[in-house]
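Remember, the numbering used here sits 1 above the position in the sequence shown when you count from 1.
All C-beta atoms in this analysis are idealised placements derived from N, C-alpha and C, irrespective of residue type, glycine included.
For clarity, every value in this text was computed on a predicted model and none was experimentally measured.
Below: one structure, written as structure tokens.
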Amino acid sequence: MALTNFSPISPHRWSAFSYSSSFSSCQFNNRRIFLKLTNVVTVSASTSLSNPKVVVTRELGKNGRLVDALANRGINCLELPLVQHTQLPGFDKLSSLLRSNSFDWIIITSPEAGTVFLDAWTSGGHFRSRYHASHGPKHESWFGSKSPWLELSWHLLRNTQLFSLISRAAGTPNVRVGVVGAGTSSVFGKLGPSLKEILNVAFVPSKAIGKVLAAELPKLGNASCTVLYPASAKASNEIEEGLAKRGFEVMRVNTYTTEPVSNVDQMVLDQALVAPVIAVASPSALRAWVSLIPEDQQWDNAVACIGETTALVAKKLGMKNIFFPANPGIEGWIDSILEALEAQNQLQKV
2 MALTNFSPIS PHRWSAFSYS SSFSSCQFNN RRIFLKLTNV VTVSASTSLS NPKVVVTREL
62 GKNGRLVDAL ANRGINCLEL PLVQHTQLPG FDKLSSLLRS NSFDWIIITS PEAGTVFLDA
122 WTSGGHFRSR YHASHGPKHE SWFGSKSPWL ELSWHLLRNT QLFSLISRAA GTPNVRVGVV
182 GAGTSSVFGK LGPSLKEILN VAFVPSKAIG KVLAAELPKL GNASCTVLYP ASAKASNEIE
242 EGLAKRGFEV MRVNTYTTEP VSNVDQMVLD QALVAPVIAV ASPSALRAWV SLIPEDQQWD
302 NAVACIGETT ALVAKKLGMK NIFFPANPGI EGWIDSILEA LEAQNQLQKV
């Protein structure tokens, strides 16, 4: 048994060796969830198998910033992607909605949801056909289900005709966007200046969690303020329920889902299991990790979560050394990882 401990300063932590707590009645359990996995994962060349201290687990290609930040502090990382994102039919529905409807707010609650939204916004069939006609088929692949919207953004800076086409095709000029936090906002920050004028990030809550966003989102005069909420199918209902209680009209569209990867290289997994810290950015990644722990192994190393939501799931899954920042985001996450490493070092000295 272990008691939960919220440190009075950021980053917070839950630790097996903490003894005072405002949540002393909460106990850890040993429940384990096993998931069927579906993809092959190997180690990225950017990571090191030489005594890695931290396992980074985001989708392949999305761990670079964290790996670099830790490398600058002399910390070796092992890249072990645990999840992958799969597009749902709601993606096509979103493209249609953006062409034919207007909303007072569009709410984005994760970087992946932001990426999918931007892909839908720029890849509607109306825009694709007009662009194809004027620029030829060689650019057609830009607007498929995996179009590199960031490349498109840079292209917009050099092509005012293309920008004009997108503005009219999107159907929702001067879109007012609310995001859950700085990490999600950064997806829109990478857009070109002209596109930023249309996709206006107009609201960020005081704390980067969904229930705070739902409580603080401004109503815009009219009695039934309308909200479009493109999300992961696995996202909770707290945002639409919270907004509905305040009188908003919310349309949620599940545009993608998160699934675990599979067939992890055994050598990589063996390295990951003995690393002092695993860094996780979502409940899905956390559950995928738990499913990989051998049934006969008592794994009790540290878990550094990107935020409180993931940390709560870690507690429910029976993990004992849980660290997370007061406010979700990359900088706080790095601080939590460093604190987790220090705690593990102290344990080894005992």
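Query - One or two residues paired with Q88 in a DSSP bridge - result: In the DSSP output, where bridge partners are listed per residue, Q88 has Y257.
Query - Contacting residues, own chain, Cβ-Cβ under 6 Å from K220 (five flanking each side not counted) - result: C226, listed in sequence order.
Query raised in the report: With DSSP run on the structure shown, which of helix, strand or coil describes V55?
Result: Three-state DSSP puts V55 in a strand.
Query raised in the report: Of all the beta strand (DSSP E) runs that stay within the bounds of the segment 260-346, which reach a length of 3 or more residues?
Result: With a minimum length of 3 residues, the continuous beta strand (DSSP E) runs that stay inside the segment 260-346 are 278-281, 303-306 and 322-325.
Query raised in the report: For K350, which of helix, strand or coil comes out of DSSP?
Result: When DSSP states are grouped into helix, strand and coil, K350 belongs to the helix group.
Requested in this report: Evaluate the contact criterion for the segment 56-74 versus the segment 226-235: three or more CB pairs, one atom per stretch, below 8 Å.
Outcome: Segments in contact, no.
Report task. Could you tell me whether the segment 311-326 touches the segment 187-200, where touching means 3 or more Cβ pairs closer than 8 Å? Result -> With the cut-off at 8 Å, the segment 311-326 and the segment 187-200 do not touch.
Query raised in the report: Under the rule that 16 or more other beta-carbon atoms within 10 Å means buried, what is N346, buried or exposed?
Result: Label assigned to N346: exposed.
Report task. Could you tell me which of C306, L244 and N322 sits nearest to I335, measuring between CA atoms? Result -> Closest by alpha carbon: C306.
Query raised in the report: Just how far apart, CA to CA, sit D271 and L71?
Result: Approximately 21 Å between the Cα atoms of the pair.
Query - Sequence-distant residues of the same chain with beta carbon closer than 8 Å to R66, five excluded per side - result: Here the set comprises I331.
Query raised in the report: Three-state secondary structure (DSSP) at S101?
Result: Helix.
Query raised in the report: When the Cα of G182 is compared with those of L348, S292 and N328, which residue comes out closest?
Result: Residue nearest to G182 within the set L348, S292 and N328 is N328 (criterion: CA-CA distance).
**Report entry** Closest Cα partner of L79 within the set A289, M268, T258 and S292
**Finding:** When the alpha-carbon of L79 is set against those of A289, M268, T258 and S292, the nearest one is in M268.
Report task. Determine the direct distance from the alpha carbon of K350 to that of E343, and round the result to whole angstroms. Result -> Those two C-alpha atoms are separated by around 11 Å.
**Report entry** Nearest-angstrom beta carbon gap, S233 and G211 [assumed within contact, 8 Å]
**Finding:** Not confirmed; about 12 Å, so no contact.
Requested in this report: Please go through the segment 165-237 and give each complete alpha helix (DSSP H) segment of 4 or more residues, from N-terminal end onward.
Outcome: If we require 4 residues or more, the alpha helix (DSSP H) runs fully inside the segment 165-237 come out as 183-190, 194-199 and 211-217.
Query raised in the report: Near I240, what residues of its chain come up, given a Cβ to Cβ distance below 7 Å and the 5 sequence neighbours on each side ignored?
Result: Residues of the same chain with a CB within less than 7 Å of the CB of I240, apart from the 5 flanking positions on each side, are I108, T110, G211, L214, A215 and Y230 in chain order.
Report task. Please report the residue range of the alpha helix (DSSP H) in which E241 lies. Result -> Its alpha helix (DSSP H) spans residues E239 to K246.
Report task. Starting from the Cα of D297, find the closest Cα among S97, V55, L274 and G184 and give me that residue. Result -> Ranking S97, V55, L274 and G184 by Cα distance to D297 puts L274 first.
Query raised in the report: Thinking C-beta only, is S285 closer than 9 Å to K235?
Result: Contact flag set, yes.
**Report entry** Alpha-carbon to alpha-carbon, N77 and L339
**Finding:** Cα-Cα distance, rounded: 12 Å.
Query raised in the report: When the Cα of S184 is compared with those of M320, N255 and G308, which residue comes out closest?
Result: A quick correction: the sequence has Gly, not Ser, at residue 184. Here the closest residue by C-alpha is G308.
Query raised in the report: Does the separation of the CB atoms of A245 and V254 fall below 9 Å?
Result: For A245 and V254, no; Cβs fall outside 9 Å.
Requested in this report: From the DSSP output, in three-state form, read off L119 for me.
Outcome: Here L119 sits in helix by DSSP.
Query - Presumed contact (8 Å Cβ cut-off) between V205 and V180, rounded CB distance - result: Here V205 really is in contact with V180; their C-beta atoms are around 6 Å apart, less than 8 Å.
Report task. With DSSP collapsed to three states, give me the class of L79. Result -> DSSP places L79 in the strand class (E or B) of the three-state scheme.
Report task. Please name the residue, chosen from L318, S337 and K317, that lies closest to F325 on a Cα-to-Cα basis. Result -> Cα-wise, what sits closest to F325 is S337.
Query raised in the report: If you draw a straight line from the C-alpha of L89 to the C-alpha of L95, how long is it?
Result: For L89 and L95, the distance between alpha carbons rounds to 10 Å.
Query raised in the report: Any idea what DSSP makes of R250, helix, strand or coil?
Result: In the sequence as displayed, the identity of residue 250 is Glu instead of Arg. Correct three-state label for E250: strand.
Query raised in the report: From what residue to what residue does the alpha helix (DSSP H) around G65 run?
Result: That run of the alpha helix (DSSP H) goes G65 to A72.
Query - Nearest candidate by alpha-carbon position, reference T116, set N73, S97 and F92 - result: Minimum Cα distance to T116 is reached at F92.
**Report entry** Reference P277; option with closest CA among L200, W106 and W300
**Finding:** Among L200, W106 and W300, the Cα nearest to that of P277 is on W300.
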